[in-house]
Every structure is written in structure tokens, then in C-alpha cells.
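A.B. asks:
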Amino acid sequence: KKLFISGYRFYLEDYAYKYQEDGRNYFGYAITDLNKNGSEELILLTDMYDIVAVFSMIENQPKLLLDNYEEKYDCRIDEQGRVYTQYYGPYRSETLYTQIYSLNECDDLVLDEKYMCVYYNTYDHEECYDITSGEEIHISKAQWTNLAHGRVYGYGAGIITKAHTDFDFIRL
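Under this note's numbering, the residues of the sequence shown are numbered 1061 to 1232, in order.
(1) What's the call for ASP1167, buried or exposed, on a 16-neighbour Cβ count within 10 Å?
(2) Using only the alpha-carbon positions, how far apart do LEU1207 and GLU1173 sit?
(3) Could you tell me how far apart the beta carbons of CYS1177 and LEU1156 are, in whole angstroms, since I believe they sit closer than 8 Å?
(4) Name, in chain order, the residues that DSSP records as bridge partners for GLU1173.
(5) Could you tell me the boundaries of the alpha helix (DSSP H) in which LYS1123 lies?
(6) When DSSP labels each residue in this structure, what does LEU1094 get in the three-state scheme?
(7) How close, in whole Å, do the beta carbons of THR1221 and ILE1111 come, if the pair is a contact with beta carbons under 8 Å?
(8) How is LEU1232 classed by DSSP in three states: helix, strand or coil?
(9) Determine the contact status of TYR1144 and LYS1132, defining contact as a CB-CB distance below 8 Å.
(10) Excluding the five sequence neighbours on either side, which residues of its own chain have a C-beta within less than 7 Å of the C-beta of SER1116, listed in chain order?
(11) Using beta-carbon positions only, say whether ALA1113 and ASN1128 come within less than 8 Å of one another.
(12) What does the alpha-carbon distance come out to for the pair ARG1136 and ASP1093?
(13) Just to confirm my understanding: we take ILE1103, look at its own chain, exclude 5 residues before and 5 after, and list those with CB closer than 6 Å. What are they?
(14) What does the Cβ neighbour count give for TYR1175, buried or exposed, with the cut at 16 atoms within 10 Å?
(15) Expressed to the nearest angstrom, what Euclidean distance is found between the alpha-carbon atoms of GLU1165 and LEU1171?
(16) Quick one: what's got a C-beta closer than 6 Å to MET1108's C-beta in the same chain, skipping five residues either side?
(17) Tell me which same chain residues have a C-beta within less than 6 Å of the C-beta of GLY1088, skipping the five on either side of it?
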């Protein structure tokens, strides 16, 4: 494991610097094989299991798959190794997007599903869509909650990740 981690040393030190508070480092990592192909991924996360970044090692070089360093997303990982992100559109618009990714056999992060919900009149009315195909297919609020929003949001993305994975958090 040390050789695996040594390839990421720069990233670990850079990320760890940001995730310190009152002299306490609440940052760490987990190593797991998300897509069960025999190649381990490095998950950088906080002690609350908030996902910071996901890396894979390709030919002894770290490959960044997902960067949440600036906390752009609510991000979680489920028991099948799928990665979920949820974020508001550009310029803090009233459009909430949920994306669901998986790792293919080449350890590339592939978008499997994408949804959006547009809120109007301070959340009194919303229109939700499945936009996986590139077209806006209208879905109900209940479908949005079941397919997208409920998979990421709720008690918090980190809590969901912790409950649905067997990651061993290793504090730096």
C-alpha cells in the first residue's frame, strides 16, 4: 500500500493542507477497488466521509477521476462503486443537477445517468427531467427524488457513503 500511496504523495500533501482546522487534520484516504477489476482506486475524503477526490493508478501514474477540492459537489459513493455528484448550475442558478458515474474496465469515469430539477418561485414549483440521453425528458418530483436527489441528499452525502461502503478511513 505504501508504494501505491507514494505515487499520490503530492496530491495527499496538497489536499491535506486545506483540510486542517484548529491544528487538527480531518483529512485522510481510503483505498478500494470501486469497479472490482483488480486495480485499486484512491479515495481522498474527510473523516465525515465527504469525498474530496477519486484517483486511479494507470501505468504507475496517478489519474484524477473526480476533483471535489473546491467542494463543488455533494458527492458520495455507493456499495456498487458508483459515484454520485449533485450540484447547482452555473452562477448559483436554481437548477440542481445529479450525475451518476461508474468506472469502466479502463478505469475511466463514465457518466451513466444525469438528472436536473429546475426550481421556480423560491422552491414552490419545480420541473424535473432525466437528461441522460441529452434530451429533456420530463419526470415527476417523486421520480426525481427516487432516481436522483434521494440517492445523494438526505442525511448528508458523507453519511450515505459511510453507511453504504466498507471504506477503511486512514487519517493522514
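We put the beta carbon where it would ideally sit given N, CA and C, even for glycine.
These numbers were taken from a predicted model, which means no experiment stands behind them.
C.D. replies: In this structure, then:
(1) buried
(2) 9 Å
(3) 5 Å
(4) For GLU1173, DSSP records a beta bridge to ILE1160.
(5) Segment 1121–1127 is the beta strand (DSSP E) holding LYS1123; no alpha helix (DSSP H) there.
(6) coil
(7) 7 Å
(8) It is coil, neither helix nor strand.
(9) no
(10) Answer for SER1116: SER1099, GLU1101, LYS1123, LEU1125, ASP1167, listed in chain order.
(11) yes
(12) 15 Å
(13) ALA1090, VAL1114
(14) buried
(15) 14 Å
(16) GLY1218
(17) PHE1229, ILE1230, ARG1231, LEU1232
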